[in-house]
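Everything below concerns the one structure shown next.
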Amino acid sequence: MDLLDAIRRRRTTNNKFAPDPVKPEHIRLLIEAASRSPSHFNSQPWRFVIVRDKDKLAALADLAGASMKELMEGEFFARYKRYFRFDDQEADGKRDGIYIDHMPAVLRPFIKQVFTPNIGKLLGTFGVSKMLGGNQAEIVRESPLILAVAMNKEEYKPGELAGLYSTISLGAVIQTFWLVTTSLNMGMQFISTPLEVPERKALIAEMLKIPPTFELVALFRMGYKAEDAKRNSIDWTSSQRKPFEELASVEEWGAAMPGDLAQAESILFPEKAPDARD
Ligand SMILES: Cc1cc2nc3c(=O)[nH]c(=O)nc-3n(C[C@H](O)[C@H](O)[C@H](O)COP(=O)(O)O)c2cc1C
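If you read the sequence shown in this note's numbering, its first letter stands for residue 4, the second for the next number, and so on.
Rendered as structure tokens:
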């Protein structure tokens with residue numbers, strides 16, 4: 004696949020993958036491609052643990068599901084409310100965040116309450132947190148592969164410049180994984196929830212035998228895309244993007260976009276505006 008095509012097609016895969024195991028040569032390609040990513044002073048501050056064992060996947064699934072349920076019943080919405088969109092108008096207006104565009108009709112009337120202080124309790128009462136936790140566990144359990152990313156603590160020091168540089172390097176390596184999976188007709192999804200609960204993060208690090216000199220920083224599900232994958236009962240999309248003129252300015256911050264750039268053709272999306280929602 005051509006690079007621009009992979010960039011165009013890359014997106015988070017929220018739903019199930021095909022059950023096929025990831026081919027060893029594809030795993031090798033992913034790691035070798037990742038190793039070509041840039042890092043400060045070529046420090047390569049990352050290490051990866053590939054999880055394929057069914058029992059380990061099941062244990063990770065239980066931890067991910069329980070974390071999702073717990074977070075939903077707790078501070079999750081309060082912590083992240085600025086990222087949630089619930090209707091077309093809001094999603095198209097702000098052009099960022101995640102748009103919850105798919106949910107059972109019975110939940111629609113409760114949307115307005117999602118940011119009230121007792122939403123966690125309400126989600127528990129109506130079984131929503133259980134549904135989301137169950138769904139999270141199911142998609143993790145049925146993933147052919149989980150990739151854990153660990154960062155070298157000698158580099159990854161929050162507050163120090165090396166810490167910032169290693170975080171930038173992490174972004175580069177993750178994007179490499181994302182583009183290569185896309186080019187292999189695979190999908191990829193970040194699974195942050197179990198790492199947001201310190202005890203569960205510690206259990207996962209222990210299960211994967213990550214040494215104390217490394218910090219577990221990210222988990223991803225990976226697998227081949229399923230042709231007929233159904234959407235999750237509560238699901239989101241996030242294809243909106245800020246427009247060109249808002250993202251960048253020329254010569255100085257906030258300056259109007261010069262005509263030659265404003266009128267330049269879009270090579271990435273020749274058919275539609277790059278920020279259009281699909
Ligand atoms: C640091 C980071 C954490 C993320 N955590 C999650 C997550 O826990 N679950 C998830 O489904 N996506 C997660 N994502 C994916 C983003 O939600 C997604 O990239 C964004 O909404 C844009 O959507 P797209 O990837 O489909 O283009 C994460 C991405 C990043 C960079």
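By construction, the Cβ of each residue, glycine as well, lies at the ideal position given by its N, Cα and C atoms.
>> Output needed for residue 7: all residues of its chain with C-beta closer than 8 Å, excluding positions within five of it in sequence on either side, in chain order.
In response: 270, 271
>> Check this for me: beta carbons of residue 154 and residue 54, under 7 Å apart or not?
In response: no
> Helix, strand or coil: how does DSSP classify residue 277 here?
Replying inline: Only weak support is given to the placement of residue 277: the predicted model assigns it a pLDDT of 49, under 50, and the value that follows is read from those uncertain coordinates. Three-state DSSP puts residue 277 in coil, outside helix and strand.
> By DSSP, does residue 154 sit in helix, in strand, or in coil?
Replying inline: Residue 154 carries a strand assignment under DSSP once its states are collapsed to helix, strand and coil.
>> Strictly by DSSP, which residues pair up with residue 191?
In response: 225
>> Can you give me the C-alpha to C-alpha distance between residue 303 and residue 147, rounded to a whole angstrom?
In response: The question about residue 303 has no answer here: the residues shown for the chain are numbered 4 through 281.
>> Using 8 Å for Cβ pairs, my map puts residue 159 next to residue 218. What's the rounded Cβ distance?
In response: 6 Å
>> Using 8 Å as the cut-off, can you tell me whether the stretch 246-258 makes contact with the stretch 111-123, which would need three or more C-beta pairs spanning the two stretches below that distance?
In response: no
>> Less than 6 Å separating the Cβ of residue 243 from some heavy atom of ligand 1?
In response: no
> Around the Cβ of residue 28, are there at least 16 other Cβ atoms within 10 angstroms (buried) or fewer (exposed)?
Replying inline: exposed
>> Under 6 Å: does the beta carbon of residue 234 sit that close to some heavy atom of ligand 1?
In response: no
>> Below 8 Å, how does it come out for the stretch 69-89 and the stretch 162-177: are there three or more Cβ pairs, yes or no?
In response: Contact between the stretch 69-89 and the stretch 162-177 is absent, with fewer than three C-beta pairs closer than 8 Å.
>> Taking the beta carbon of residue 262 as the centre, do at least 16 other beta carbons fall within 10 Å, making it buried, or is it exposed?
In response: exposed
> Going by the C-beta, is residue 247 closer than 6 Å to any heavy atom of ligand 3?
Replying inline: This structure simply doesn't include ligand 3; it includes ligand 1 instead.
> Is residue 12 closer than 7 Å to residue 64 when the C-beta atoms are compared?
Replying inline: No Cβ-Cβ contact shorter than 7 Å links residue 64 with residue 12.
> Taking just the CA atoms, how far does residue 100 sit from residue 264?
Replying inline: 26 Å
>> With a threshold of 8 Å, are at least 3 pairs of Cβ atoms found where one atom belongs to the stretch 82-90 and the other to the stretch 202-213?
In response: no
> Could you give the residue range of the alpha helix (DSSP H) that holds residue 240?
Replying inline: Note, residue 240: premise wrong, no alpha helix (DSSP H); beta strand (DSSP E) at 238-240.
> Exposed or buried, residue 109, counting other C-beta atoms within 10 Å across all chains shown (16 or more means buried)?
Replying inline: Residue burial annotation: residue 109 is exposed, with fewer than 16 other C-beta atoms found within 10 angstroms of its C-beta.
>> Restricting to Cα atoms, I'd like to know which of 237, 240, 266 is closest to residue 248.
In response: 266
> With a Cβ-Cβ cutoff of 7 Å, do residue 229 and residue 21 count as a contact?
Replying inline: yes
> Does DSSP put residue 87 in a helix, in a strand, or in coil?
Replying inline: strand
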